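Notes to accompany the following structure.
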Amino acid sequence: MTASRSVQTVTGSVAPEALGRTLIHEHVLVGYPGWNLDALAPRFVRAEVMARAVDQMQELRDLGVRTFVDPCPMDLGRDVEFLAELALKSGMQIVCTTGAYFEAEGITHTFRHLPIEEITAIYIKEITEGVGDTGIRAGAVKIATGAQQVSEYERKLVQAGARAARETGVPLISHTQEASCGHEQIDLVTGEGVPANRLVVGHSDGIDDHDYHRGLAERGAFVGFDRFGIALILPDEVRVKNVLKLARAGYTQNILLSHDSIVCWQGRPVPFANRHEEILAALPDWRPTMIFRKVVPELRAGGLGEEDIATILVDNPRRLFAGA
Ligand SMILES: [Zn+2]
């Protein structure tokens, strides 16, 4: 494997050095499997959502963001043509992923019955040839595990994802539930021959546990503090405190920041309960701009210098994709 590889965006490949300031885990469209069968859910009006998404990308570009990684699993309402149109309209570099969601919330019937070799081949096809017949290629692999233990189904998908990453040289971005099983993810990924520094253990900020964060970083993985603004899980001041602790412990190079924000939650977000707008109203800081408007100033006040900020927002995403 070469140290410098190109990064596949939904509108073509770029050098890792061209990624610039990057949000590593945000979403444009999300929808639980079957969302489009829910005739009582709010209607998805594509043109309206596109206009909103373009506005958001322009706001992020004004804040210096050059790359927006949307690690939407293939079974969670992923729409790569929507992303490509958005990238062209907004000028944002957008990276999409291949890979399926965790067992409890994914579309399990198909993948349960496919052997690992075929799942690996499907992922590789999406990375090297494109999703469906769109020619739009995935730039990373999404892996996902459930709460507290990895099911057989998830183990197979994570291993397939790692094999696809190994064959193609793209990185892995994960979903964890309840900030658990990060070590199991590292075990599975490295067990397939992929170094831990090609993996972001996502949603690790969901637990106030410095030892957990530090343990992941010690093994070389990137630690995703990627749910800023989701105060239902933890207040942001706890996230900021834990980012500062990890940086002070010498692991600035393992920190990635994001919000896991969503432009449009298709269908109904929490089964049969809320609308996306209600959740947004309840979480005023859950916006993909908050890291720049609120969090970075707090990190500075907590002692991080400009060099540290650039390491986290620019160098770390570049190293994740470059594998250097
Ligand atoms: Zn996500």
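As numbered in the numbering used here, residues 34 to 357 make up the sequence shown, in order. Just so it is clear, CB atoms sit at the ideal spot from N, CA and C, and this is done for glycine as well. Bear in mind the structure is a predicted one, so any value in this text is a computation, not a measurement.
Segment limits, alpha helix (DSSP H) that includes residue i
i	result
S213	S213 -> no alpha helix (DSSP H), and no H or E assigned at all.
F144	141 to 146
I149	149 to 161
G194	185 to 201
L56	No alpha helix (DSSP H) contains L56, which is instead part of the beta strand (DSSP E) from 54 to 56.
N275	269 to 281
P350	349 to 355
V78	Here V78 belongs to no alpha helix (DSSP H), and DSSP marks it neither H nor E.
Residue i Cβ short of 6 Å to ligand 1 heavy atom set
i	result
D238	no
D13	No statement about residue 13 is possible, as the shown extent of the chain runs from 34 to 357 and does not include it.
D166	no
D103	no
D244	no
D108	no
D341	no
D241	no
D318	no
D220	no
D293	yes
Which listed residue (the options) has its alpha carbon closest to that of residue i
i	options	result
L337	T285, D71, G45, L221	T285
S184	G202, G163, Q210, V203	Q210
G132	A195, T100, D88, V234	A195
T100	T167, V347, R333	V347
I127	E150, D103, M107	D103
M90	K274, I312, A343, T55	T55
S207	R188, H309, L232	L232
H142	L332, R301, Y186, L96	Y186
A264	P317, E339, F144	P317
D269	A198, D238, E251, G226	D238
V256	L96, D244, P106	D244
V328	A80, G172, R260	R260
A343	V113, G179, A315, L52	L52
Extent of the continuous beta strand (DSSP E) to which residue i belongs
i	result
G45	45 to 47
D71	Unbroken run through D71: none, as it is neither H nor E.
I176	173 to 180
D242	First-last for D242: undefined, no H or E at that position.
D103	98 to 103
Those residues which DSSP pairs with residue i across a bridge
i	result
G124	DSSP lists no partner for G124.
L62	C297
G257	L289
S376	Outside the shown range of the chain, which is 34 to 357, sits residue 376, and nothing can be said about it.
Q41	S46
L232	L205
is_contact[residue i, chain D] using C-beta, thresh 7 Å
i	result
L267	As a matter of chain content, chain D is missing from the structure shown, which is built from one protein chain.
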